[in-house]
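For the record, the sequence lines run as chains A and B.
Numbered according to the working numbering, the first sequence spans residues 1 to 222.
Numbered according to the working numbering, the second sequence spans residues 1 to 222.
The next block holds one structure in the form of structure tokens; read it before the comments.
There are 2 protein chains.
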Amino acid sequence: MLNYSTSEENYIKAIFHLQRQDGTVTTNELANELKTKPASVTDMMKKLKVKKLLHYEPYQGFRLSSEGSKVALGIVRRHRLWEYFLAEKLKFTWDEVHEVAEDLEHVSNKKLIDKLDEYLGFPRVDPHGDPIPDANGRIEISKKICLTDLPLNKVAVVSGVSNQSSEILELLEHKKINIGVKLEVKKRFEFDHSIEVRIGRQPAFTISKELAENIFVKYGSQ
Amino acid sequence: MLNYSTSEENYIKAIFHLQRQDGTVTTNELANELKTKPASVTDMMKKLKVKKLLHYEPYQGFRLSSEGSKVALGIVRRHRLWEYFLAEKLKFTWDEVHEVAEDLEHVSNKKLIDKLDEYLGFPRVDPHGDPIPDANGRIEISKKICLTDLPLNKVAVVSGVSNQSSEILELLEHKKINIGVKLEVKKRFEFDHSIEVRIGRQPAFTISKELAENIFVKYGSQ
DNA sequence: TTAATATTTTAGATTTGTCTAAAAATATTT
DNA sequence: AAATATTTTTAGACAAATCTAAAATATTAA
Chain A
1 MLNYSTSEEN YIKAIFHLQR QDGTVTTNEL ANELKTKPAS VTDMMKKLKV
51 KKLLHYEPYQ GFRLSSEGSK VALGIVRRHR LWEYFLAEKL KFTWDEVHEV
101 AEDLEHVSNK KLIDKLDEYL GFPRVDPHGD PIPDANGRIE ISKKICLTDL
151 PLNKVAVVSG VSNQSSEILE LLEHKKINIG VKLEVKKRFE FDHSIEVRIG
201 RQPAFTISKE LAENIFVKYG SQ
Chain B
1 MLNYSTSEEN YIKAIFHLQR QDGTVTTNEL ANELKTKPAS VTDMMKKLKV
51 KKLLHYEPYQ GFRLSSEGSK VALGIVRRHR LWEYFLAEKL KFTWDEVHEV
101 AEDLEHVSNK KLIDKLDEYL GFPRVDPHGD PIPDANGRIE ISKKICLTDL
151 PLNKVAVVSG VSNQSSEILE LLEHKKINIG VKLEVKKRFE FDHSIEVRIG
201 RQPAFTISKE LAENIFVKYG SQ
């Protein structure tokens, strides 16, 4: 595996994350994600195409090649292992780890990362609940979990409802909770086990324990 | 404390290490140390002078300013803490840690480093025996230690002899071991506790246990 | 103390990654 | 389908860090 610059790695990682929402990524999406300009994105896309890390034809958007995906999985692996280390060993809180891991992930010494993995006991998910790719780049397909078990502030995609009655569907329709909707749990109330949920950037709203028990979501970036 | 590029940090660190051998560092010395060209060194020296990290007049060599020394101590702290982590926690051998730490040292998040320090139990020296600066940049002045206790391959400076007899002085003179001479222990022999010593790049030679017990050295980079 | 040699600096070029402004291509609206 | 708007790309510039070759300065040796 060749070595890539910090900048190249950041582009690859961003495409990797945007890809699984769409399938192909656009220039503006990527520029927005990386807080850079569209012209810079085009420049970099040409470079990464030459290096065979992605599929790209002018004006057609881009998608990682299988080599590009391998590279991305390596970066994601480093990022998430460091996040786990920071939270588990150094006692950072879960919301502080991402920023620090953004820097550590670019140290790409394979032996370092594999030994870190071993030291940490081969963790399967990072502090946000995202799965950690193994040394061969394999990542666990995220399983369906009940909304009652979703960690706070973890974006997940609604993937199923167990009770199929018309009553629950009426309620789901009213709350605009459909299959494929991305949401996160903002708060849990001990009193009645109700849950405060937010869809995208809309205002949060509350759903009952009964409803939450019947909603299943998937999370994890792949 | 401002943030410096990886390249700037590597120059600052190299000057810091070369300084304590001489006092002022020359363009060629630094180019050699960093495996770069003299012209590149001059370019960087101008930049670091503007940033007030060093004292420099054309053709006169350079020396870190007090601000530059502070920055250098921060880099050395990060480097040595990571070395300690790699050896102690990840079970790297002492000769592998330097290379990996060269990359990790450039992640300059103060909270990360201070928490790492705490996690490691505030170690005083790295796996090569070099002292680790504390969170305020204070570094332990290295104490005299007996040549019998000097770790292998650790360059140290001869700073004293306990037995002052003319017999020992004759022997020391013959072996060219004088105060200020830099040497390292290459090997210890269990059989007679004799020690193989090397001065600079000259061929190694052996000294007896009796002699070694009377030679004291200082080590640590400051 | 000059002449030869070595060191250091300058001048100008190159690479990487970024930017702005303008042009080209694609999408959307009326 | 033509006009308008949006997106994407190109062209050209710039900063950081490096290099080579030539010029300036310092050191050494005759």
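Backbone N, C-alpha and C fix where the C-beta goes; we use that ideal spot for every residue, glycine too.
From the options, residue whose alpha carbon lies closest to that of residue i
i	options	result
B/D81	B/K218, B/F122 and B/S165	What sits at residue 81 of chain B in the sequence shown is Leu, not Asp. Residue B/F122 is the option with its Cα nearest to B/L81.
A/A87	A/P127, A/D103 and A/L54	A/P127
B/H79	B/K186, B/V197 and B/L116	B/L116
A/P58	A/G68, A/K143, A/K46 and A/V50	A/K46
A/V217	A/I145, A/L211 and A/D95	A/I145
B/D192	B/E210, B/F205, B/S5 and B/G180	B/E210
A/I141	A/A31, A/L48, A/V125 and A/A204	A/V125
A/D114	A/E33, A/L54 and A/I75	A/I75
B/K52	B/K35, B/E167 and B/K70	B/K70
A/I199	A/L150, A/K182, A/S108 and A/L30	A/K182
B/K35	B/T24, B/Q19 and B/A14	B/A14
A/Y56	A/F85, A/G23, A/R77 and A/E33	A/G23
A/T26	A/Q60, A/L171, A/K176 and A/A204	A/Q60
A/K111	B/E96, B/E167, B/E170 and B/K110	B/E96
B/V50	B/H174, B/Q164, B/E8 and B/V197	B/E8
Three-state secondary structure (DSSP) of residue i
i	result
B/F85	helix
A/K218	strand
B/E196	strand
A/G160	strand
B/K52	coil
A/V125	strand
B/P58	coil
B/E210	helix
A/E96	coil
B/P133	coil
A/R20	coil
B/E223	The question about residue 223 of chain B has no answer, for chain B in this structure spans 1 to 222.
B/V155	coil
A/L30	helix
A/R138	coil
B/I145	strand
A/K182	strand
A/V76	helix
A/L90	coil
A/V107	coil
A/L150	coil
B/L64	strand
A/Y4	coil
Spatial neighbours of residue i in its chain, beta-carbon cut-off 7 Å, leaving aside the 5 residues before and after
i	result
B/N28	P38
A/G180	V157 and V158
B/A247	Absent from the model: residue 247 of chain B. The displayed extent of chain B is 1 to 222, so no value can be given.
B/L73	P133, G137 and I139
B/H98	E83
Same chain only: Cβ atoms within 6 Å of residue i, ignoring 5 sequence neighbours per side
i	result
B/S208	S194
A/D54	Per the sequence presented here, residue 54 of chain A reads as Leu, with Asp not at that position. L48, F62, L64, S65 and G68.
B/Y11	M44
A/S162	N214
B/Q222	Caution applies to B/Q222, whose pLDDT of 32 falls short of 50 and renders its modelled position unreliable; the model cannot decide the point.
Residues near residue i in its chain [Cβ-Cβ closer than 8 Å; skip 5 each side]
i	result
A/N3	S108
A/T6	H106
B/A31	K37, P38, S40 and V41
B/L152	E184, V185, K186, K187 and R188
Next item on the list: Compile a chain-ordered list of the residues in the segment 110-132 of chain B whose CB is closer than 9 Å to at least one CB of chain A.
Entry: K111, L112, K115, L116, E118 and Y119
Check: Does the pairing of the segment 99-111 of chain A with the segment 47-64 of chain A give three or more beta-carbon distances under 8 Å?
Finding: no
Notebook entry, point to check: Taking Cβ-Cβ distances below 9 Å as the criterion, which residues of the segment 85-110 of chain B are in contact with chain A?
Noted result: L86, K89, L90, K91, F92, E96, E99, V100, D103, L104, H106, V107, S108 and N109
Next item on the list: Determine, using beta-carbon pairs with one atom in the segment 130-148 of chain A and one in the segment 88-96 of chain A, whether at least three such pairs fall under 8 Å.
Entry: no
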